[in-house]
Amino acid sequence: MRYPKDKVGTYSTSVYLDKKPCEKFVKCLKKKIYPHPIILQGRTTNGLVQRTIEREKDYSDKLHVDWWIFEGEVEKVFENFHESEEV
């Protein structure tokens, strides 16, 4: 199973500390599934954040962050983000 139910990271939103990993992922999406993916840039608010490497010492991407958005806060979160230039 790709996303195990017993791992807390399964329930988080993935964000990155740098734009480069996002650009790489978006390019992959364009090739495989989604014709027009976008990158959103902003601040994580209204939830809890943790660098994945702090919880999983062997995690390969040191720039990956897990973000758990509080229930009912999604609309407020959108106020802190904007669409980045096209990749």
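The sequence shown begins at 0 in our numbering and counts up by one.
Built from N, CA and C at the ideal position, the CB exists for glycine as well.
My understanding is that L62 touches L16, with C-beta atoms under 8 Å, so please give their C-beta distance in whole angstroms.
That belief holds up - the Cβ atoms of L62 and L16 are roughly 5 Å apart, short of 8 Å.
Where do the N-terminal and C-terminal ends of the alpha helix (DSSP H) with F77 fall, by residue?
Taken as a continuous stretch (DSSP letters only), the alpha helix (DSSP H) holding F77 covers V73 to F77.
Can the beta-carbon of I68 be found less than 8 Å from the beta-carbon of G41?
In this structure, G41 does not lie closer than 8 Å to I68 by Cβ.
Residues in its own chain within less than 6 Å of E72 by CB, not counting five upstream and five downstream?
Excluding positions up to five away in sequence, the list reads N45.
Can you check which of these residues, V48, V25, T43 and E55, is closest to E74 by C-alpha distance?
If we check each option's Cα against that of E74, T43 comes out closest.
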